[in-house]
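Participant: Pasting in a structure now, in C-alpha cells, and then I'll have a few things to ask.
Chains as they are written, first to last, in this note's numbering: chain A, 16 to 225; chain B, 16 to 225.
In C-alpha cells, the structure reads:
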C-alpha cells in the first residue's frame, strides 16, 4: 500500500474514532508515519482527503443499494440488503454523524452528497414500489405513502449509528446493530403482508446467528 | 437584557447559522458588542455558554413534552404537540444537527443530554401507550412495538431539521416543517384507528393554515 492509500486509511480510522472536526493534517501525518510535506504532496488539504474518502463511500454505497435487487424481492435478500447497508454506515460513521459540518466546509462535497442522497431516496422508493408490485406491500396512501416510507427509511438508516454514539455506548455490539435493523424494518413492516413481514424478521435474526 | 443574556442569545443565533464548531468566543464577544474580558467574566469558556443554552433547551423541552398530555389524547392536541416539538427543534437546531461533536467536547453535557434523551423516549412511549389505552391504536407487537414507535419518533424528530440543512435548503419554509411533521406522524399512523388517523392529519394541516 502506498502512502496515499495509507493516509486515506488513517484518516478514516481517526475520524471514525474522534469525529472529523477533531482530526487535522498534522495528526494524520504523524499517525500515518509520513512527514507533513509528504502528506501535502498527495493532498492539498484535509478536505481533499475527505473527498477521497467520499469517493470510496459513494462507490460502495451505489453498489450496495443496487446489488441483488432483481424482482421478486425475497425476504432473505431484503434482510441481506439491510445488513449490507448497516455495515457501510458503520465503516463510514464519521461521515453520517458529522454530515452537516463536513458539507459546510466544502460546497463541492455538499453538492455531491446531496446528489447521492437524492439518488438513494429514489432507490429506496423504487425498492418499496417493487415490493408493492410483487403483492407483498399494501399501501393505503399510494405513491405518497411509498415516498414517505423511503424518506423515513433514509432518516433512520443515516442516523442510527450516530444515535448509538450520542447515547454514549462505548463499544457498539452486534445487538446494537440488530436493534437498528429492526428499527429500520419497522418503518415498512406495518404495511407488509404478515407472512412476508415475519419471514424478513426471521431472516434478519438468522443473518446474525453464528 | 444584561450582557450575560445577550451573550447567550448571540451564541444561539451564530451557532444556528454557522454550526457550533465554527463559532468561537472572540466572534461571540464581537457580535454581542462586549469585550472578550467581559465575556470571560460571565463564562469561563465556550462550553459554559453551550451549557447555559442547554439549560434553556432542557427546560423548554420538558415543558413541551409534558404540557397538555392528559388523557384522552384528542387529535387536535396530538397535532399541537407535534407542532410545539418542531418549533423547539428549529429554535435549537445547532444542537440537534451537531450533537455528537458537542457531546464529545463536554462529558458533563453528554451525561445530561443522554438523561434527557432517555426521558424523552420514555415520555413518547407513554404517550403512545396512552393512545393505545384510549382504544385509538392497535399494536400488533405489544410493548415491544410501542417502544419501537417511540424510538423511531425520536430518531426522525431529532434529525429532521438537520436533514433539511444537509439537503441544502437555503431558507426553511413552513411547507418543509409540515413535511417533517407528516414524516413523523407516519411512524405511528399505520397503527392508528383510521378515523383517528384522519383527524390528526387534518389537524396538522389546519394548524398551519393562516
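Cβ atoms here follow ideal geometry from the backbone N, Cα and C, with glycine treated the same way.
Just so we're clear, the structure is a prediction, and the values are computed from it rather than from any experiment.
Ends of the alpha helix (DSSP H) at residue 51 (chain A)?
Facilitator: Mapped onto the first chain, residue 51 (chain A) falls at position 36. Looking at the DSSP string, the run of the alpha helix (DSSP H) that includes residue 51 (chain A) is 51-57.
Participant: Determine, using beta carbons only, whether residue 206 (chain B) comes closer than 8 angstroms to chain A.
Facilitator: Taking the second chain and counting its residues from 1, one reaches residue 206 (chain B) at position 191. For residue 206 (chain B), the answer is yes, since a Cβ of chain A falls inside 8 angstroms of its Cβ.
Participant: Taking a cut of 9 angstroms between CB atoms, which residues from the region 165-190 of chain B lie near chain A?
Facilitator: Residues 166, 167, 169, 170, 171, 173, 174, 175, 177, 178, 180, 181, 182 and 183.
Participant: If you measure from the beta carbon of residue 50 (chain A) to each beta carbon in chain B, is any gap under 8 angstroms?
Facilitator: Within the first chain, the letter at position 35 stands for residue 50 (chain A). Output row for residue 50 (chain A): interface = no.
Participant: Relative to the C-alpha of residue 39 (chain A), which residue among A:26, A:50, A:31 and A:32 is closest?
Facilitator: What you label residue 39 (chain A) is simply residue 24 of the first chain in a count that begins at 1. Per the Cα distances, A:26.
Participant: Using a beta-carbon distance below 8 angstroms, is residue 116 (chain A) in contact with chain B?
Facilitator: Position 101 of the first chain, counted from the start, is the residue given in the question as residue 116 (chain A). By this cut-off, residue 116 (chain A) is an interface position.
Participant: Between the region 60-83 of chain B and chain A, which residues of the former have CB atoms less than 8 angstroms from a CB of the latter, in chain order?
Facilitator: Here the close residues number zero.
Participant: Report the CB separation of residue 182 (chain A) from residue 129 (chain B) in whole angstroms; it is logged as a contact under 8 angstroms.
Facilitator: Translated into the one-based positions of the first chain, residue 182 (chain A) becomes position 167. Translated into the one-based positions of the second chain, residue 129 (chain B) becomes position 114. The pair is a contact, with the Cβ atoms about 6 angstroms apart (cut-off 8 angstroms).
Participant: Within the chosen definition, does the region 73-87 of chain B reach the region 43-55 of chain B through at least 3 CB pairs nearer than 8 angstroms?
Facilitator: No, the region 73-87 of chain B does not touch the region 43-55 of chain B.
Participant: Can you list the residues of chain A that residue 132 (chain B) reaches, using a CB-CB cut of under 8 angstroms?
Facilitator: Position 117 of the second chain holds residue 132 (chain B). Here the neighbours are 181 and 182.
Participant: What did DSSP end up calling residue 29 (chain A) once you bin it into helix, strand or coil?
Facilitator: If you number the first chain from 1, residue 29 (chain A) lands on position 14. Helix.
Participant: How about residue 215 (chain B) and residue 95 (chain B): are their beta carbons less than 8 angstroms apart?
Facilitator: Your numbering for residue 215 (chain B) matches position 200 in the second chain. Your numbering for residue 95 (chain B) matches position 80 in the second chain. No; because the gap between Cβ atoms is not below 8 angstroms, this pair is not in contact.
Participant: Less than 8 angstroms between C-beta atoms, sequence neighbours within five positions excluded: which residues of the same chain meet that for residue 136 (chain A)?
Facilitator: To locate residue 136 (chain A), count along the first chain from 1; it is residue 121. Around residue 136 (chain A): 165, 166 and 169.
Participant: Tell me which residue opens and which closes the alpha helix (DSSP H) that residue 164 (chain A) is part of.
Facilitator: The residue you call residue 164 (chain A) lines up with position 149 of the first chain. That run of the alpha helix (DSSP H) goes 157-181.
Participant: Span of the alpha helix (DSSP H) holding residue 141 (chain B)?
Facilitator: Indexing the second chain from 1 puts residue 141 (chain B) at position 126. Residue 141 (chain B) -> alpha helix (DSSP H) spans 122-148.
Participant: Below 7 angstroms between beta carbons is the criterion; list the residues of the region 141-164 of chain A that meet it against any residue of chain B, in chain order.
Facilitator: Those residues of the region 141-164 of chain A that come within reach of chain B (Cβ to Cβ, closer than 7 angstroms) are 163.
Participant: In three-state terms, what does DSSP make of residue 115 (chain B)?
Facilitator: On the second chain, position 100 is the one that residue 115 (chain B) refers to. The answer is helix: DSSP assigns residue 115 (chain B) an H, G or I state.
Participant: Is the Cβ-Cβ distance between residue 175 (chain A) and residue 100 (chain A) less than 8 angstroms?
Facilitator: Start at 1 with the first residue of the first chain, and residue 175 (chain A) comes out as number 160. Start at 1 with the first residue of the first chain, and residue 100 (chain A) comes out as number 85. Contact: no.
Participant: Can you grab the Cα-Cα spacing for the pair residue 163 (chain B) / residue 196 (chain A), in whole Å?
Facilitator: Here residue 163 (chain B) refers to the residue found at position 148 of the second chain. Here residue 196 (chain A) refers to the residue found at position 181 of the first chain. Approximately 11 angstroms, taken between the alpha carbons.
Participant: Give the DSSP-derived three-state secondary structure of residue 88 (chain B) in the structure shown.
Facilitator: Here residue 88 (chain B) corresponds to residue number 73 of the second chain, with the count starting at 1. Coil, per DSSP.
Participant: Got a sec, what are the start and stop residues for the alpha helix (DSSP H) residue 70 (chain B) sits in?
Facilitator: Position 55 of the second chain, counting from 1, holds the residue named residue 70 (chain B). Run containing residue 70 (chain B): 61-81, per the alpha helix (DSSP H) assignment.
Participant: Quick one: Cα of residue 141 (chain B) to Cα of residue 85 (chain B), how far?
Facilitator: In the second chain, residue 141 (chain B) corresponds to position 126, counting from 1. In the second chain, residue 85 (chain B) corresponds to position 70, counting from 1. Looking at the two C-alpha atoms, the distance is approximately 11 angstroms.
Participant: Less than 7 angstroms between C-beta atoms, sequence neighbours within five positions excluded: which residues of the same chain meet that for residue 143 (chain B)?
Facilitator: Working through the second chain from its first residue, we reach residue 143 (chain B) at position 128. Only 152, 161, 164, 165 and 203 meet the Cβ criterion.
Participant: Does residue 42 (chain A) come within less than 8 angstroms of chain B when only Cβ atoms are used?
Facilitator: Counting from 1 along the first chain, the entry for residue 42 (chain A) is found at position 27. It does not; no Cβ of chain B falls within 8 angstroms.
Participant: Count the other CB atoms, across all protein chains shown, that sit within 10 Å of the CB of residue 189 (chain B); report buried if there are 16 or more and exposed otherwise.
Facilitator: Residue 189 (chain B) sits at position 174 when you count from the first residue of the second chain. So residue 189 (chain B) ends up on the exposed side.
Participant: Between residue 113 (chain A) and chain B, is the shortest Cβ-Cβ distance under 8 angstroms, so that the two count as touching?
Facilitator: Looking up residue 113 (chain A) in the first chain gives position 98. Closer than 8 angstroms: yes.
Participant: Please find out if some non-hydrogen atom of the ligand NAP comes closer than 7 angstroms to the beta-carbon of residue 144 (chain B).
Facilitator: The ligand NAP is absent from the structure shown, which contains no ligand whatsoever.
Participant: Determine the chain A residues that contact residue 119 (chain B) at a beta-carbon separation under 8 angstroms, and present them in chain order.
Facilitator: Counted from its first residue, the second chain places residue 119 (chain B) at position 104. The answer, in chain order, is 33, 34 and 37.
Participant: What are the boundary residues of the alpha helix (DSSP H) that includes residue 195 (chain A)?
Facilitator: Your numbering for residue 195 (chain A) matches position 180 in the first chain. Its alpha helix (DSSP H) spans residues 189-203.
Participant: Name the chain B residues that come within less than 7 angstroms of residue 125 (chain A), Cβ to Cβ?
Facilitator: Numbered from its first residue, the first chain carries residue 125 (chain A) at position 110. 183, listed in chain order.
Participant: Are the beta-carbon atoms of residue 35 (chain A) and residue 116 (chain A) separated by less than 8 angstroms?
Facilitator: Translated into the one-based positions of the first chain, residue 35 (chain A) becomes position 20. Translated into the one-based positions of the first chain, residue 116 (chain A) becomes position 101. Cβ distance < 8 angstroms, so residue 35 (chain A) and residue 116 (chain A) count as in contact.
Participant: Looking only at C-alpha atoms, which of A:80, A:65, A:104 and A:82 sits nearest to residue 122 (chain A)?
Facilitator: Your numbering for residue 122 (chain A) matches position 107 in the first chain. It is A:65 whose Cα lies nearest to the Cα of residue 122 (chain A).
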